[in-house]
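Protein sequence lines, in the order shown, are assigned to chains A and B. Quick note: the first sequence, position 273, residue 285 per my numbering, numbers continuous. Quick note: the second sequence, position 137, residue 149 per my numbering, numbers continuous. Structure first, commentary second.
Number of protein chains: 2
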Amino acid sequence: MRTVFIHGERDIRVTEVAEPALLTGPDASGRDAIVRVVASCVCGSDLWAYRGIRPTERPHGMGHEFIGVVEQVGSAVTTVRAGDFVIAPFYVCCGTCANCRNGWTVHCLNGGFWGTPIKGEGVSDAAQSDRVRVPLADGTLVVVPGGQPADDLIPGLLTLADVLPTGHHAAVSGGVTQGSTVAVVGDGAVGLCAIIAAKRLGAERIVAMSRHADRQALARRFGATDVVAERGDEGIAKLKEMFGGIGPDVVLECVGTKESMDQALRSARPGGQIGFVGVPAGGPELPVETMFRTNVGVRGGVAPVRDYIEELLPEALDGRLESGLVFDTEMPLSEAAAAYAAMDERRAVKVLLRPGQA
Amino acid sequence: MRTVFIHGERDIRVTEVAEPALLTGPDASGRDAIVRVVASCVCGSDLWAYRGIRPTERPHGMGHEFIGVVEQVGSAVTTVRAGDFVIAPFYVCCGTCANCRNGWTVHCLNGGFWGTPIKGEGVSDAAQSDRVRVPLADGTLVVVPGGQPADDLIPGLLTLADVLPTGHHAAVSGGVTQGSTVAVVGDGAVGLCAIIAAKRLGAERIVAMSRHADRQALARRFGATDVVAERGDEGIAKLKEMFGGIGPDVVLECVGTKESMDQALRSARPGGQIGFVGVPAGGPELPVETMFRTNVGVRGGVAPVRDYIEELLPEALDGRLESGLVFDTEMPLSEAAAAYAAMDERRAVKVLLRPGQA
């Protein structure tokens, strides 16, 4: 089968590898499953490696978002069966440890990320592949009721693997509630999904910070009531002016740079809150004295996607959530290198990869 | 009348100054009041100047916590009358601006701290004095129902000016709720009040981090279920061990040093929250990558004390809240220098100053 490897800066190669197989032998827990990938995709955070911001020390498999059909399950798997259509969050989790029980499956004490060793369960496969071996399948996979969904639902269901629940996590971490005023920093797929989430949680006014006409249009379709194209001091001044001279209640930081976090922190009103999900690309450090003086709280991080999927799934299935529109480009897996380039050059918001179209 | 001045490091002098008077003249707003101080006190944050950590550039009045009796009010004051017994929060606020309306009076757009100029309202007096002119009296002062309270209620009422609602702010910012597990870093007056607040909000288990027998005893009386004397890595390991290997839900940071914040951040469980109210003594910066990886949120700052006083007052008046016990020492105002020294040397948790006992 094929899987996507990165070899270094801007060096993406689709490579033939051995088919994955359930672990066997006396030490095998029987808790894994083999999933045939129906769709995977490229994440904004994959670009840190692609751009060389995070150096690639040795070639490794890429991708952490996929949906697909279960082909085989290990002997100890109880909640997932061959033929099930499943969504995988961007990590492996057991569902039973202290952190999983607390609703923080992303901090599972027994799990880990795709393409990494899982304690006692072998190495999980990367998601930009034809097939994936899923360790701890009961804890990790969410079964979509009703079997294989209609083709037009595929993009929306794939957003449940990461970007939609990550946007939701930004909004939850920011404390968005009925009547909140919200600004969203970042107009990538996650920022756009954060708009969907903020609207869904009852935000009264949602400002998209965006300078791109196509993304502005999508932001408005998703629920943004206002668009601010200015950045830095000008953007902050505009937000203050829009919200009684003091700024919005909540700012959702969906980028991960020093500049975006700084803008978020300086935009929120006194007593406001930053919900952040942008993967920090080396820092920044947060100025605790500023936070003390303003009572602006900061909360967020790597999203506990698995804990949110079941809440969001019904609305994705009945078409109420339009998050699938963040996939503005679709390519066969064989063209993964072009997919990375399109996102790097911002010609695409997010690229969906279909292994089937080899 | 007398007021307490700082002239430099460890140089506290009780000084005779002119009696305060209501502002008069064509520009006077008539919104001020004169209050005879019944009790004031020394705050842990006053020690930053006393110890020279915050340099004293020119001599200035000290103190920001007081309760007393209103002697005169300006012509525009409507909610406070001569003879009323009042609690002053540690700042002046208007009660009507956008931040005050949001419940963030400490960020009042028209107010400020004691001993500083208030826009268009003259300079407010410092609180370690015989009398204080209170600008924006309607917004600032809270009237205690029933007139002059019994003498044994004075310490408890004085804690409403700062330390009790500040401890409450730590607990609120940390998201303490029914069943929370909580660790409190800092066994000063604010840390001890944070224990009271956490218990009041329903925390199931409260760990006081303290190495002093007298403070440990007070912590237990206030509701601490456990005491941990270890600090740094050992203290963190102990907390993790006590709470399922992952740590408590909430850590209340009531000190303000780099070490205490670091300890707090590394103690909370994944997805937990830091409520912080320790005045940062020059930093620290918060490691956003750690926060991202652990989903531990950080929220807090200068407490909106005025917004909490009315909620806490009934329980202070009926004796349910024992926060007055943080005053383990009482001195006449004339001995203010000794009061600072006692707190600096940790011979006293917090010193109450009575102007009456000249």
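Beta carbons: idealized from backbone N, C-alpha and C, even for Gly.
Considering only C-alpha positions, which residue in the set the options is nearest to residue i?
i: ARG243/B; options: GLU216/B, ALA276/B, GLY235/B; result: ALA276/B
i: VAL196/B; options: ALA220/B, VAL184/B, GLY283/B; result: ALA220/B
i: VAL314/B; options: GLY107/B, VAL300/B, GLY331/B, VAL291/B; result: VAL291/B
i: ASP340/A; options: VAL54/A, VAL240/A, VAL184/A; result: VAL54/A
i: VAL240/B; options: SER279/B, GLU216/B, GLY368/B, GLY268/B; result: SER279/B
i: PHE255/B; options: PHE234/B, ASN307/B, THR68/B, SER192/B; result: SER192/B
i: ALA61/A; options: SER335/A, TRP116/A, GLY20/A, LEU333/A; result: GLY20/A
i: CYS105/A; options: ALA360/A, VAL317/A, ASP58/A; result: VAL317/A
i: GLY42/A; options: ALA33/A, THR128/A, SER346/A, VAL50/A; result: ALA33/A
i: GLU297/B; options: ASP274/A, VAL289/A, VAL155/A; result: ASP274/A
i: CYS266/B; options: THR27/B, ARG145/B, ALA206/B; result: ALA206/B
i: GLU31/A; options: MET13/A, ASP245/A, GLY312/A, GLU357/A; result: MET13/A
i: THR36/B; options: TYR103/B, CYS120/B, GLY134/B, VAL49/B; result: GLY134/B
i: SER52/B; options: GLY336/B, ARG358/B, ARG359/B; result: GLY336/B
i: ALA231/B; options: GLU334/B, CYS112/B, ARG359/B; result: GLU334/B
i: ALA328/A; options: GLY80/A, ARG233/A, ILE24/A, LEU165/A; result: LEU165/A
When we look at the beta-carbon of residue i and count the other beta-carbons within 10 Å, is it buried (16 or more) or exposed?
i: PRO167/B; result: buried
i: ALA370/A; result: At ALA370/A the pLDDT is 46, less than 50, meaning the model places this residue with poor confidence and gives no usable figure here.
i: SER87/A; result: exposed
i: LEU365/A; result: buried
i: GLY198/A; result: buried
i: ALA94/B; result: exposed
i: PRO38/B; result: exposed
i: ASP44/A; result: buried
i: ASP137/B; result: buried
i: ALA225/B; result: exposed
i: ASP142/A; result: buried
i: ALA162/B; result: exposed
i: THR90/A; result: exposed
i: ASP330/A; result: exposed
i: ILE65/A; result: exposed
i: ALA229/B; result: exposed
i: ASP261/A; result: buried
i: GLN285/A; result: buried
i: ASP96/A; result: buried
i: ARG25/B; result: exposed
List the residues that DSSP assigns as beta-bridge partners of residue i.
i: ASP274/A; result: BP columns for ASP274/A are empty, so no partner.
i: PRO299/A; result: GLU297/B
i: ALA220/B; result: VAL196/B, VAL239/B
i: ILE286/B; result: VAL263/B, VAL310/B
i: LEU34/A; result: According to DSSP, which records beta bridges pairwise, LEU34/A is partnered with nothing at all.
i: TYR103/B; result: PHE125/B
i: MET343/B; result: LEU365/B
i: PHE97/A; result: VAL81/A
i: ALA51/A; result: ILE79/A
i: ARG391/A; result: Because chain A is modelled from 13 through 370, residue 391/A falls outside the range shown and cannot be assessed.
i: ILE46/A; result: GLN84/A, ARG145/A
i: GLY73/B; result: PHE17/B
i: ASP23/B; result: GLY20/B
i: VAL154/A; result: ILE99/A
i: VAL135/B; result: PRO129/B
Since residue i and residue j should fall inside the 8 Å C-beta cutoff, what is the C-beta to C-beta distance between them, to a whole number of angstroms?
i: GLY107/B; j: ASP150/B; result: 6 Å
i: ILE3/B; j: GLU83/B; result: Any answer about residue 3/B is impossible in this case: the structure gives chain B only from 13 up to 370.
i: HIS76/A; j: TRP126/A; result: 4 Å
i: GLY257/A; j: ALA110/B; result: 6 Å
i: PHE288/A; j: SER222/A; result: At roughly 18 Å, the Cβ-Cβ gap does not stay under 8 Å, so PHE288/A and SER222/A are not in contact.
i: VAL49/B; j: PRO367/B; result: 5 Å
i: VAL202/A; j: THR178/A; result: 5 Å
Can you tell me whether residue i sits near the ligand ADP, meaning its C-beta is under 7 Å from at least one heavy atom of the ligand?
i: GLY75/B; result: Among the ligands in the structure shown, none appear at all, so the ligand ADP cannot be discussed.
Spell out whether any CB of chain C is found under 8 Å from the CB atom of residue i.
i: ALA94/A; result: Protein chains A and B are contained in the structure displayed, whereas chain C is not.
- Task: Closer than 7 Å, Cβ to Cβ, to anything on chain B: give me those residues from the stretch 293 to 311 of chain A, in chain order.
- Result: GLY295, PRO296, GLU297, LEU298, PRO299, VAL300, GLU301, MET303, PHE304, ARG305, THR306, ASN307, GLY309, VAL310, ARG311
- Item | the stretch 184 to 201 of chain B: positions lying closer than 8 Å to chain A by Cβ | SER185
- Could you run through the stretch 264 to 293 of chain A and flag, in chain order, every residue whose CB is less than 8 Å away from some CB of chain B? MET273, ARG281, PRO282, GLY283, GLN285, PHE288, VAL291, PRO292
- Task: Could you run through the stretch 106 to 119 of chain B and flag, in chain order, every residue whose CB is less than 8 Å away from some CB of chain A?
- Result: ALA110, ASN111, ASN114, GLY115, TRP116, VAL118, HIS119
- If you measure beta-carbon to beta-carbon, which residues of the stretch 307 to 341 of chain B are closer than 9 Å to chain A? ASN307, VAL308, GLY309, VAL310, ARG311, GLY312, GLY313, VAL314, ALA315, PRO316
- Item | Residues within the stretch 52 to 67 of chain A neighbouring chain B, beta-carbon criterion of under 7 Å | none
- Message: Under 7 Å, CB to CB, which of the residues in the stretch 166 to 180 of chain B have a partner in chain A?
- Response: none
- Return the residues of the stretch 26 to 50 of chain B that lie within a Cβ-Cβ distance of less than 7 Å from chain A, sorted by chain order. none
- In chain order, what residues of the stretch 245 to 260 of chain A put their CB closer than 7 Å to some CB of chain B? GLY256, GLY257, ILE258
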